[in-house]
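Q: Okay, so the sequence shown: first residue is -10 according to the numbering used here, each after it adds one. A virtual CB, placed ideally from N, CA and C, is assigned to each residue, including glycine.
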Amino acid sequence: MHEHLKFKYYTKLRNMAKELTKRDENYSQWYNDLVVKADLAENSAVRGSMVIKPYGYAIWEKIQGQLDKMFKETGHVNAYFPLFIPKSFFSKEASHVEGFAKECAIVTHYRLINAENGKGVVVDETAKLEEELIVRPTSETIIWNSYKNWIQSYRDLPILINQWANVVRWEMRTRLFLRTAEFLWQEGHTAHATKEEAQDEAMKMLNVYVDFVENYLAIPSIKGDKTENERFAGALNTYTFESMMQDGKALQAGTSHFLGQNFAKAFDVKFTSKEGKEEYVWATSWGVTTRLIGALIMAHSDDNGLVLPPKIAPIHVVIVPIYNKEEQLRKISEKVTEIKRKIESKGYTVKYDGRDTYKPGWKFAEHELKGVPVRLAIGPRDLENGTVEVARRDTLQKSTHTSENIDEVIDKLLNEIQENIYKKALDFRDKNTYHVDSWEEFQDIMNNKGGFVMAHWDGTTETELKIKEETKATIRCIPFDAKPETGKCIYSGKPSKQRVLFAIAY
């Protein structure tokens, strides 16, 4: 590369590593900057769809790997169902089709031909499908059509299946990871002999999600029921967990649905019970998406870049050599090999950044930007003293340790970082959660402060929609742990039996 162009290229990279919009200046722009500059994702040529870049996909693989393990530990197995769903399937469950009708992408033809004017290709109008196909927005209909063939007796139950897939929901306003026309997810679909078993399954999987999000992503969550207005289309109950982002908004990180017998009846899925009686099957579905990466970013990151909890970071430790001469680099590299092997023996991923095309300061900024939990720096003086400089990403604090027991130091430090990131997020949520009894105070918080509000609601959809219309706040959930408490609805003044969680949400 020409030296002038090479200088401009490195200058551009250096600026990308350092220049982020400040959170308190423009939180939305800070988020967008960070996703792009940390090399997580970018907008694609297809409007509303994204390209997940290798580093972003590495985080998704960590999420996917741990969740998949947890699913299998609870008895679930993976399968795969078609991307395309016959349009007629959506007509079989009325509330389901109503819920997704406005978001469906539809395949109408199956062939292209050369244009008569010789410029490009056009749709062959004679190749129209007999029945249009929906690009799956979710898979209940295609899966329950299969379950009809799989289930005849109580001996065939339960069916505990999960699918890792992509789905399409034609969103008009998109944001990388948080809301895109196409996204990656997992969707669990289970079939049971009894109502109680299905309800237990839906709750069990909600708890699996919360366990994962709190203990791996380090994001505190509030579990609860969705209101009737906010339920998944076709569900009798939707259980959710809601988390607070650093701008005070809520993010629904995942949901689990008790579907009752709605889909079994729609697709005529029956089984013969132990008593010889023919009955409809009971169902659940549950899912989380690449939106979890968005939650991870917004819950923890700062003005220097990503802050990744160690349990989900693709790289746990990065080692940067500091040297002036090639002979120094050779000796440092030998020491790094020894240190790297020690730390990896504890089960951690270590990267040695020995690139000679960047200065150490640039590397520090890049790895801070990408949220690597721990950075080690080793120079000639460290070799003489048998030490290594250790920098932790969550607090940016530096310390010096002997290289002899560096594996034990790193092991302890990574656990401390995981706990500290969770505690910081929990303290932030608690500080920004309010108990409110007046409409005026509710409006003030939603308009000027942001955060979670626990307030009384009269239980009607009419009031729920009016509150949303006037403040943009929605009922995120009816918390499971909310104690019975008589009061008056903040909006209508009518009687209320307990407080619910309000917030403005993504």
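What ranges does the alpha helix (DSSP H) occupy inside the segment 424 to 494, keeping only unbroken runs of at least 4 residues that lie completely in it?
A: Counting only runs of 4 or more, we get 428 to 433, 450 to 460.
Q: By the DSSP assignment, the beta strand (DSSP E) with A380 in it spans what residues?
A: By one-based count along the sequence shown, residue 380 stands at place 391. Taken as a continuous stretch (DSSP letters only), the beta strand (DSSP E) holding A380 covers 376 to 381.
Q: Closest by CA to D214, which one among Q235, A94, N293, C466?
A: In the sequence shown, residue 214 corresponds to position 225, counting from 1. When each option's Cα is compared against that of D214, the closest is C466.
Q: By Cβ distance, which residues of its chain are closer than 8 angstroms to E398, with the 5 residues on each side in sequence left out?
A: Counting from 1 along the sequence shown, the entry for residue 398 is found at position 409. The sequence shown places Val at residue 398, not Glu. Counting only Cβ-Cβ distances below 8 angstroms, and skipping sequence neighbours, we find V379, H390.
Q: Mind checking whether L173 and H65 have CB atoms under 8 angstroms apart?
A: As a working note, residue 173 is residue 184 in the sequence shown. As a working note, residue 65 is residue 76 in the sequence shown. No, Cβ-Cβ distance for L173 and H65 is not below 8 angstroms.
Q: Kindly indicate the opening and closing residues of the alpha helix (DSSP H) around R418.
A: On the sequence shown, position 429 is the one that residue 418 refers to. Start and end: 395 to 420.
Q: Once you ignore the five residues that flank G440 on each side, which residues in its own chain have a CB closer than 8 angstroms to its CB?
A: Numbered from 1 along the sequence shown, position 451 holds the residue referred to as residue 440. Once the five neighbours on either side are set aside, the close Cβ partners of G440 are M233, G237, N421, T422, Y423, I434, A492.
Q: What runs of the alpha helix (DSSP H), each 4 residues or longer, lie entirely inside the segment 249 to 297?
A: Whole alpha helix (DSSP H) segments, 4+ residues: 251 to 255, 280 to 289.
Q: Would you list the one or two residues that DSSP bridges to G177?
A: Stepping through the sequence shown from its first residue, residue 177 is reached at position 188. DSSP lists N151, W275 as partners of G177.
Q: Give me, in chain order, the residues of the same chain whose beta-carbon lies closer than 7 angstroms to that of E87; leave out the 5 immediate sequence neighbours on both sides.
A: Mapped onto the sequence shown, residue 87 falls at position 98. Excluding positions up to five away in sequence, the list reads A222.
Q: Would DSSP call F247 helix, strand or coil?
A: Counting from 1 along the sequence shown, the entry for residue 247 is found at position 258. Residue state, collapsed to three classes: strand.
Q: Using beta-carbon positions only, say whether H445 and I479 come within less than 8 angstroms of one another.
A: Mapped onto the sequence shown, residue 445 falls at position 456. Mapped onto the sequence shown, residue 479 falls at position 490. Yes, Cβ-Cβ distance for H445 and I479 is below 8 angstroms.
Q: Terminal residues of the continuous alpha helix (DSSP H) containing R319?
A: The residue labelled residue 319 in the question sits at position 330 within the sequence shown. Run containing R319: 315 to 333, per the alpha helix (DSSP H) assignment.
Q: Using CA coordinates, which residue listed in H181, E474, P349, K352 is at the minimum distance from E268?
A: Here residue 268 refers to the residue found at position 279 of the sequence shown. Considering only alpha carbons, the answer is H181.
Q: What residue range is occupied by the uninterrupted alpha helix (DSSP H) comprising P310?
A: Looking up residue 310 in the sequence shown gives position 321. It is not in any alpha helix (DSSP H) - P310 instead sits in the beta strand (DSSP E) that spans 306 to 310.
Q: Report yes if the CB atom of I123 is closer than 8 angstroms to the CB atom of K76, and no otherwise.
A: The residue given as residue 123 occupies position 134 in the sequence shown. The residue given as residue 76 occupies position 87 in the sequence shown. Against a cut-off of 8 angstroms, the Cβ pair of K76 and I123 comes out as a contact.
Q: Distance, Cα to Cα, K457 vs V442?
A: Your numbering for residue 457 matches position 468 in the sequence shown. Your numbering for residue 442 matches position 453 in the sequence shown. Distance between the alpha carbons of K457 and V442 is about 13 angstroms.
Q: Taking buried to mean at least 16 other C-beta atoms within 10 Å of its own C-beta, is P43 buried or exposed?
A: Mapped onto the sequence shown, residue 43 falls at position 54. Exposed is the call here.
Q: Pick from G294, D416, T450: whose alpha carbon is nearest that of Q18?
A: Looking up residue 18 in the sequence shown gives position 29. Nearest C-alpha to Q18: G294.
Q: Apply the 10 Å Cβ neighbour rule to P473 and answer buried if 16 or more other Cβ atoms are within range, or exposed otherwise.
A: Residue mapping note: residue 473 aligns to position 484 of the sequence shown, counting from 1. By the 10 Å Cβ count, P473 comes out exposed.
Q: Going by beta carbon distance, what residues of the same chain come within less than 6 angstroms of I282, once the five residues before and after it are set aside?
A: In the sequence shown, residue 282 corresponds to position 293, counting from 1. Cβ neighbours of I282 beyond the five flanking positions: I48, F166.
Q: Quick one: is S290 buried, meaning 16 or more other Cβ sit within 10 Å of its Cβ, or exposed?
A: The sequence position of residue 290 within the sequence shown is 301, counting from 1. Buried: at least 16 other Cβ atoms inside 10 Å.
Q: How about the segment 359 to 367 and the segment 303 to 322: do they share at least three Cβ pairs that are nearer than 8 angstroms?
A: With a cut-off of 8 angstroms, the segment 303 to 322 and the segment 359 to 367 count as touching, because enough Cβ pairs lie within range.
Q: Per the contact definition of three or more C-beta pairs closer than 8 angstroms, is the segment 195 to 214 in contact with the segment 254 to 270?
A: With a cut-off of 8 angstroms, the segment 195 to 214 and the segment 254 to 270 do not count as touching, because too few Cβ pairs lie within range.
Q: By the three-class DSSP mapping on this structure, what secondary structure does N341 have?
A: Against the sequence shown, residue 341 aligns to sequence position 352. The sequence shown places Tyr at residue 341, not Asn. The answer is strand: DSSP assigns Y341 an E or B state.
Q: Using 10 angstroms around the beta-carbon of G336, count the other beta-carbons present and answer buried if the total reaches 16, otherwise exposed.
A: As a first step, residue 336 must be located in the sequence shown, where it is residue number 347. It is exposed - the Cβ of G336 has fewer than 16 other Cβ atoms within 10 Å.
Q: Thinking just about the alpha-carbon of each residue, which of R319, E185, Q152 is nearest to the one in G539?
A: Absent from the model: residue 539. The displayed extent of the chain is -10 to 495, so no value can be given.
Q: In terms of alpha-carbon separation, which member of Y20, N21, I41, R36 lies closest to A30?
A: In the sequence shown, residue 30 corresponds to position 41, counting from 1. Of Y20, N21, I41, R36, the residue nearest in Cα terms is I41.
Q: Taking DSSP's pairing of strands, which residues face V361 in a bridge?
A: Stepping through the sequence shown from its first residue, residue 361 is reached at position 372. In DSSP, V361 forms no bridge with anything.
Q: Between A170 and T163, how many whole angstroms is the CB-CB distance? I'm expecting something under 8 angstroms.
A: Residue mapping note: residue 170 aligns to position 181 of the sequence shown, counting from 1. Residue mapping note: residue 163 aligns to position 174 of the sequence shown, counting from 1. With 8 angstroms as the limit, A170 and T163 qualify as a contact, their Cβ atoms being about 6 angstroms apart.
Q: I132 by DSSP, collapsed to three states: which one?
A: Translated into positions along the sequence shown, residue 132 becomes position 143. DSSP places I132 in helix when its eight states are reduced to three.
Q: Answer yes or no: does any C-beta atom of chain D fall closer than 8 angstroms to that of L402?
A: Among the chains in the structure shown there is no chain D, since it carries only a single protein chain.
Q: State yes or no: is the C-beta of T127 within less than 8 angstroms of the C-beta of E82?
A: In the sequence shown, counting from the first residue as 1, residue 127 sits at position 138. In the sequence shown, counting from the first residue as 1, residue 82 sits at position 93. The answer is no: Cβ separation not under 8 angstroms.
Q: Among residues of its own chain, excluding the 5 on either side of E62, which ones have a beta-carbon nearer than 7 angstroms to its beta-carbon?
A: The residue labelled residue 62 in the question sits at position 73 within the sequence shown. Result list for E62: empty, nothing under 7 angstroms.
Q: Classify P147 as buried or exposed, calling it buried when 16 or more other Cβ atoms lie within 10 Å of its own Cβ.
A: The residue labelled residue 147 in the question sits at position 158 within the sequence shown. Label assigned to P147: buried.
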